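Q: Take this structure first; my questions come after.
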Amino acid sequence: MPKRVELHCHSVFSDGTLTPAELVARAVKNGVELLTLTDHDSVSGGPELFAAAREAGLDVRLGIEINCAGEGAADRVHMLGYGIDTASPGFADRLSEFRERRAVRSQRIVDNLRALGIAIDFADVRAGAHETLGRPHVADALRRLGVVKSRKEAFERFLIKGKPGYVESMGPSPAEAIALIRDAGGTACLAHPQTAGKEGELDALFRDGLQGIEVLYSGHTPSQIRTYGDWARTKGLLAVGGSDFHGPNTGREERLGIEYDDAAYGAVMERID
Ligand code: AMP
Ligand code: ZN
Ligand code: FE
Ligand code: FE
511 MPKRVELHCH SVFSDGTLTP AELVARAVKN GVELLTLTDH DSVSGGPELF AAAREAGLDV
571 RLGIEINCAG EGAADRVHML GYGIDTASPG FADRLSEFRE RRAVRSQRIV DNLRALGIAI
631 DFADVRAGAH ETLGRPHVAD ALRRLGVVKS RKEAFERFLI KGKPGYVESM GPSPAEAIAL
691 IRDAGGTACL AHPQTAGKEG ELDALFRDGL QGIEVLYSGH TPSQIRTYGD WARTKGLLAV
751 GGSDFHGPNT GREERLGIEY DDAAYGAVME RID
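Taking the numbering used here, the leading residue of the sequence shown gets 511, the next gets one more, and so forth.
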């Protein structure tokens, strides 16, 4: 029997618009049997996630997504972590360091926007965030100020590389992200590989200890699913997948959950439990 599984989604603790409890309710409504929350640089959604899941009788896990930085493909790498012991020494401290760097970056983006004559303050950006800050919070602030109509418009006009608000990611290197996840007992998986780069550009990740890759991603075409499925088989990587759901008004609001067959589900559960 195929199962509906979600291994990649975001809550208000990073750049999603639903609370962990709202995600649980939506997962149940969408027929999802296993939900993993993967907020950017935060595991603070955990207590609410587990409490809501207990009430609803839903199987849930807590993961992470770390956006990386560096030369070449490195600054397009997003690393997912599953099966982490969030209480392992140093883990929480590294995440809070990454969040502080995100705040510095957001402040610099605000400075760039102010230089364009847009009356945006860092406080406007902070106002929409629970914990982890990112460009989506800048986008939401621009929307509240009436400068843009959507996150998508804000990214396209101001926030992507080459646009006037852009500031480089200040995340860790892919090697650091992989090590952080593995040292906490987790499994490090490359998110949405189609946005990270070509096979040749990603060689370093395999040397640095990457363990899995998103194959069944909501944005993948059938041919991408075949390509990344082949990578998983030939490189011995765990095939994971999810929707990257962010919630209403984010431009990333696919239906929660992906159909997994028994073999794919079994392989994932063996690693993330
Ligand atoms: P940051 O972590 O600050 O670099 O922002 C990257 C995040 O912004 C990604 O994880 C996505 O969730 C979101 N994002 C990127 N591009 C877009 C877009 N065009 N529309 C909406 N959200 C986006
Ligand atoms: Zn995101
Ligand atoms: Fe991502
Ligand atoms: Fe994501």
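The beta carbon of each residue, even a glycine, is placed where N, CA and C say it ideally should be. Note that the coordinates shown come from a computational prediction; the quantities given were computed from them, not determined experimentally.
Beta carbon of D754: closer than 7 angstroms to some heavy atom of ligand 3?
A: As a first step, residue 754 is located in the sequence shown; it is residue number 244 there, counting from the start. D754 Cβ: within cutoff of ligand 3.
Q: Would you say H640 touches ligand 2, meaning its beta carbon is less than 7 angstroms from a heavy atom?
A: Within the sequence shown, numbered from 1, the residue matching residue 640 stands at position 130. No, the Cβ of H640 stays beyond 7 angstroms of every heavy atom of ligand 2.
Q: Using the C-alpha atoms, what's the distance from I630 back to G656?
A: In the sequence shown, counting from the first residue as 1, residue 656 sits at position 146. In the sequence shown, counting from the first residue as 1, residue 630 sits at position 120. G656 and I630 have their C-alpha atoms spaced approximately 11 angstroms apart.
Q: Leaving out five residues on either side along the sequence, give the residues of the same chain with a beta carbon under 6 angstroms from the beta carbon of L690.
A: If you number the sequence shown from 1, residue 690 lands on position 180. Counting only Cβ-Cβ distances below 6 angstroms, and skipping sequence neighbours, we find R604.
Q: Looking at C-alpha atoms only, which residue of F523, L715, G696 is the closest neighbour of A579?
A: On the sequence shown, residue 579 is found 69 positions in, with the first residue counted as 1. The option with the nearest alpha carbon to A579 is L715.
Q: Could you tell me if the beta carbon of F523 falls within a distance shorter than 7 angstroms of some heavy atom in ligand 1?
A: Position 13 of the sequence shown, counted from the first residue, corresponds to residue 523. Not under cutoff, so the answer is no.
Q: Could you pull out every residue in the same chain whose Cβ sits closer than 6 angstroms to the Cβ of A563, ignoring the five residues on either side in sequence?
A: Here residue 563 refers to the residue found at position 53 of the sequence shown. Taken in chain order, the residues that qualify are V534, V570.
Q: Measuring only the C-alpha atoms, how far is Y727 from V648?
A: As a working note, residue 727 is residue 217 in the sequence shown. As a working note, residue 648 is residue 138 in the sequence shown. Spanning the two alpha carbons is a distance of roughly 26 angstroms.
Q: Does DSSP classify K539 as helix, strand or coil?
A: Taking the first residue of the sequence shown as position 1, residue 539 is located at position 29. Correct three-state label for K539: helix.
Q: Would you say the region 578 to 593 touches the region 677 to 687, given that touching needs at least three Cβ pairs under 8 angstroms?
A: yes
Q: If you scan the region 662 to 692 from start to end, which runs of the beta strand (DSSP E) of 3 or more residues do you find wholly inside it?
A: none
Q: Counting C-beta neighbours from all protein chains within 10 Å, is the total for T744 16 or more, i.e. buried, or is it exposed?
A: The residue given as residue 744 occupies position 234 in the sequence shown. Exposed is the call here.
Q: Shortest alpha-carbon distance to A639 belongs to which of L766, L545, H550?
A: The residue given as residue 639 occupies position 129 in the sequence shown. Out of L766, L545, H550, H550 has the C-alpha closest to the C-alpha of A639.
Q: So does H520 have its beta carbon nearer than 7 angstroms to some heavy atom of ligand 2?
A: For the purposes of this step, residue 520 is taken as residue 10 along the sequence shown, with counting starting at 1. It does: the Cβ of H520 is within 7 angstroms (strictly closer) of some heavy atom of ligand 2.
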